[in-house]
Structures are given as structure tokens and as C-alpha cells.
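FYI, the numbering for the sequence shown is 1 to 424, going by full-length UniProt numbering.
Yeah, the Cβ is synthetic: ideal placement off N, Cα and C, and Gly gets one too.
In this text, all values refer to a predicted model and were calculated from it rather than measured experimentally.
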Amino acid sequence: MADAATTLPWQQPVRSAIVAQDRGQLIGLCPDNRTRSAHNQADSGDLKLRNFNDYHEVVSSNRHDAVTPRTSSDTSRADGNEAADAEASRVTMAELARRAGTTVPTVSKVLNGRSDVSSQTRRRVMELVEQTGYRRTPRAGRTRDAQLGGLVDLVISRVSGSWSNLVLSGAERAASEAGLDVVVTVARPDQDAGADWVGRLLARGSRGATVALLTPNRTQLQVLAAAGIPLVLLDPSSDQATGVPSIGTTDWAGGYSAATHLVELGHRHIGVIAGAGDYRYGRARVDGFRAALEQAGVELPVDRVETADWSRESAENAARRMLDSATAPTAIFACSDEMALGAARAARTLGLGVPDDLSIVGFDDLPESSWISPSLTTVRQPIEEMAAAAMRKLLRLREGMPAGSAREELSTELVVRGTTATAR
């Protein structure tokens, strides 16, 4: 994986030909929320397909690159970039194959994310890709695909639930502003390497993707970089991809504000339902919450911290364990609204009133949080705005423009509603 100081291929102007494997229909989300098949537009005359051994190279017959005038102060930096580009362009797939001691078709399989390559060969090829800065070089004058150029990818772990709906809405809004349609790719963890979301982006000839709640591993990043496919991560689950632009929210500050609110209401026996998995955003929320309690001199015993798998059902069981104990809390902070709703259900099952007997604070501010009775006190993260910001950053990268800060965080906000009250 490239570190933050490395110039990644997608930080250069887009020069790569689009590579796609023929794997069926491409479904896009249009600005008017209708679905369409990209194959319906394949008769425009601009697309020309030329069969290769294991992929089709989709190229446009027309490419008019915009040229930005350079000032004299830019010359030396630009010359250095051009020299680096020239060096990378001299490395061919055949040269990679020779250095790796393998064949051109095998190198092609590695670069296209195919699974039928040994891990040793894959690692050797990707090390050479990283060392040489290899990028696929387009044929002169035939670099842009007019059809796929109107699409942008959103990779998401699931498409059900309010969180996903807000992400889809924000991403589609930003894409629509640019006259583009969104292609939704669901990451399926049970698939092998050749059929995972990276392989599908390569097969489709993606020109860039916003990736939500996932963190690509080192191999995935190398494959996408070699293909010249830019990425922007939305609320990544870990800090592994440190060189990739990302959009998140102030999770630590959000957890801090939740604890401060409960302490101000007089609560001293407080429980936490943390999300399972070592997720960056989950850790930050609990760390911020714990910091506020420590500052107020309030203890958070180990037996009042439960873990759930982010689902309502799992959180209900976690809350029951806490509420059935001899040291039952008077308030619970759940690291998501879904888990907060599970805690509320556990309280009702045990005959406890919310907020009279138990105060509850969630995190997200999903639409249903204001529909229930009593409505949920929660920490709002601007999910739709985050998705739109991630998509806009991606579109700047696609055009070779500066994307701003590598990591951007939108502010959280405590929303006080009906599930919190003064401790009794």
C-alpha cells in the first residue's frame, strides 16, 4: 500500500484506457431515481470493443483533453511529474511479466483481480507494480469511453436500512449535480478474490468509486492503483488505507457530547453498548464517551460495557444483560441508533420506563429515531452530506483535480429528544 507521501496513479490526470470484462448488465441509478441498463446505450457509435485474451478494452473514438495553462512557477514541478509519467509509461506488461518470471496473460489476470493466480505470483507482480509505478497506457487519441464516462461507482456493504438509503441519496445527489449516474456495487464478503467488488469494478471499466464502510486491503489497493481507478472512502472501518482520501465524522466528539449530556442530567451509573469488531468509528465513539466520564469523575466499570454486532436484536440482548445485573445502569449510550432501539426494547420487556427508569442515547440520527415514541436522543452524524462530500471528492480526482485534505470530518451534533431525563 502506498504511504501518504507517494503519488498515486489517480492523483495524476486520468490517462488510462478503460478495461472491462463482459459480465452482464450494468445497472445505473439515474438522477430521477429510475434504473437503467448501460447496454441500452451501446449503439451510440462512440464505443468500439476489441477482444483480448481475457478482457475487452473499451475505448472511445473521441477524446478531447482539457489543457490547463501553466505558469512559469509550475514548470519545474510539472516537468518532474512528466518525467515520472514517462518513466512509468516505459514499463510494459511484457516487462512486468519478464521481471516477475511469469507470462503476460498471468500479469493481466493479476491486474484484473482474477483469483486463478497463486498468492506468490500475485505478490511478486504487485510488488513490481508498486516499484515501477506501472500504469496501463492508452492507445493515442482513444482514451475516453463516452458511455462509462457518464457513470460513477458506489461500493457499499449492504443496500438495506436507513443508513444505506441516506448514503445512496447523498451520493446520487452529488453525481446528479455533475450530470452522472450512480452504479451501486454491493460488497459480498463471501465471494472469492476474482468475484469481489474490486474484480467487478475492473470488469466494468470503472472510472472511480466511493467505498462506504469498507477498507480495501493492500492487494486491493495495489490492483486498483495499477488500473488507475481512484477511490474515496466513506467512514472507513479501519486506518489501514492511510494514503486514500476519506470522509468521516467527528466520532470522538460525538461520544464526548453524549456522555456530557448524561452527566449533566445527574447520571452516575452509566452503561455502554459498543459495536462489535475493531472498527475505527466505533472505537472513537467509545473513547470520546469514556474521556468525558473520566473528566467528570464518573467511573465506567467493565461490567457496564457490553458489545453487540450493530443489530437491534444483538443490542437488546446486551442491554438485558446489563439491566438484569445487580449494578444496573440508569442510562445507556449505544454506538448506533439501531442498537439504541434494541436497548429501548429490552427496557420495555423488563417493565422499565424510558426515560423515567432508563435514559438512552444513540448515535446516527436515522429517520426512525424521530418517529418512535418517545423519540430518541441521539448524536447526529450527517450521513447524507458525508456521502455527497465523498462523491464530490471522487469526481475531482477523476478529473485530475486536487481533492483537498486526505481526511475530512464533518461535525456531529447532539440532538436531545424524549429518551433522556434527569436521573432519579
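Mind checking who residue i pairs with in its DSSP beta bridge?
| i | result |
| --- | --- |
| residue 331 | 270, 359 |
| residue 306 | 273 |
| residue 232 | 210 |
| residue 415 | 378 |
| residue 323 | Answer is none; residue 323 lacks a bridge partner. |
| residue 409 | 248 |
So, at 7 angstroms on beta carbons, what are the nonlocal neighbours of residue i in its own chain, with the 5 sequence-adjacent residues on each side left out?
| i | result |
| --- | --- |
| residue 280 | 236, 237, 238, 239 |
| residue 150 | 180, 181 |
| residue 291 | 256 |
| residue 321 | 306 |
| residue 310 | 275, 276, 336, 338, 339 |
Mapping DSSP to helix, strand and coil, what is residue i?
| i | result |
| --- | --- |
| residue 215 | coil |
| residue 53 | Summary for residue 53: the model assigns pLDDT 31, below 50, so the residue's position carries little reliability; its value from the coordinates is reported in the next sentence. Looking at residue 53 - three-state DSSP - the assignment turns out to be coil, as it is neither helix nor strand. |
| residue 337 | helix |
| residue 159 | coil |
| residue 125 | helix |
| residue 75 | Summary for residue 75: the model assigns pLDDT 42, below 50, so the residue's position carries little reliability, and this model does not support an answer. |
| residue 152 | strand |
| residue 223 | helix |
| residue 22 | Because the pLDDT at residue 22 is just 32, under 50, the model does not fix this residue reliably, and the value given afterwards should be weighed accordingly. Reduced to three states, the DSSP call for residue 22 is coil. |
| residue 39 | Residue placement at residue 39 is poorly supported in this model, since its pLDDT is 35, which falls under 50; the coordinates still yield a value, given next. Residue 39: helix per DSSP, three-state reduction. |
| residue 421 | coil |
Looking only at its chain, what residues have a beta carbon closer than 6 angstroms to the beta carbon of residue i, apart from the 5 residues adjacent to it on each side?
| i | result |
| --- | --- |
| residue 339 | 273, 308, 315 |
| residue 396 | 403 |
| residue 394 | 208, 210, 232 |
| residue 392 | 174 |
| residue 413 | 380 |
| residue 247 | 234, 386, 389, 390, 408 |
| residue 267 | 330, 331, 423 |
| residue 65 | At residue 65, the pLDDT of 35 sits below 50, so the modelled position is not reliable; the number obtained from the coordinates is stated separately. Counting only Cβ-Cβ distances below 6 angstroms, and skipping sequence neighbours, we find nothing. |
| residue 121 | 102 |
| residue 367 | 162 |
When you compare each of the options to residue i by their alpha carbons, which one comes out closest?
| i | options | result |
| --- | --- | --- |
| residue 99 | 116, 126, 295, 310 | 126 |
| residue 354 | 131, 252, 377 | 377 |
| residue 416 | 223, 406, 375 | 375 |
| residue 356 | 265, 164, 232, 245 | 265 |
| residue 135 | 155, 185, 275, 107 | 107 |
| residue 208 | 188, 231, 202 | 231 |
| residue 178 | 423, 388, 271 | 388 |
| residue 244 | 359, 285, 212 | 212 |
| residue 91 | 133, 342, 345 | 133 |
| residue 219 | 166, 322, 199 | 199 |
| residue 332 | 297, 311, 363 | 363 |
| residue 410 | 160, 251, 196, 163 | 251 |
| residue 128 | 94, 351, 154 | 94 |
| residue 253 | 119, 284, 225 | 284 |
| residue 317 | 295, 294, 296, 346 | 346 |
| residue 370 | 399, 227, 337 | 337 |
| residue 221 | 183, 166, 111 | 111 |
| residue 358 | 341, 116, 367, 166 | 341 |
| residue 312 | 96, 161, 131, 130 | 161 |
Could you name the residues of the same chain whose beta carbon sits closer than 8 angstroms to that of residue i, not counting the 5 residues immediately before and after it, in chain order?
| i | result |
| --- | --- |
| residue 327 | 269, 301, 303, 304 |
| residue 124 | 100, 101, 102 |
| residue 53 | At residue 53, the pLDDT of 31 sits below 50, so the modelled position is not reliable and the matter cannot be decided from this model. |
| residue 169 | 384, 387 |
| residue 262 | 270, 331, 333, 359, 361, 420 |
Please confirm if residue i has its CB atom under 9 angstroms from at least one CB of chain C.
| i | result |
| --- | --- |
| residue 312 | Within the model displayed, chain C is absent; a lone protein chain is all it includes. |
Identify every run of the beta strand (DSSP E) within the stretch 239 to 303, keeping only runs that are complete inside it and at least 3 residues long; order them along the chain.
-> 246 to 249, 270 to 275
Within the UniProt domain "HTH cro/C1-type" (92 to 121), ranges of the alpha helix (DSSP H) (whole runs, at least 4 residues) | 93 to 100, 104 to 111
Only counting runs of 3 or more residues, tell me where the beta strand (DSSP E) segments fall wholly within the stretch 351 to 407, in order along the chain.
-> 359 to 364, 377 to 380
What are the uninterrupted segments assigned as beta strand (DSSP E) that are 3 or more residues long and contained completely in the stretch 165 to 212, given in chain order?
-> 181 to 186, 209 to 212
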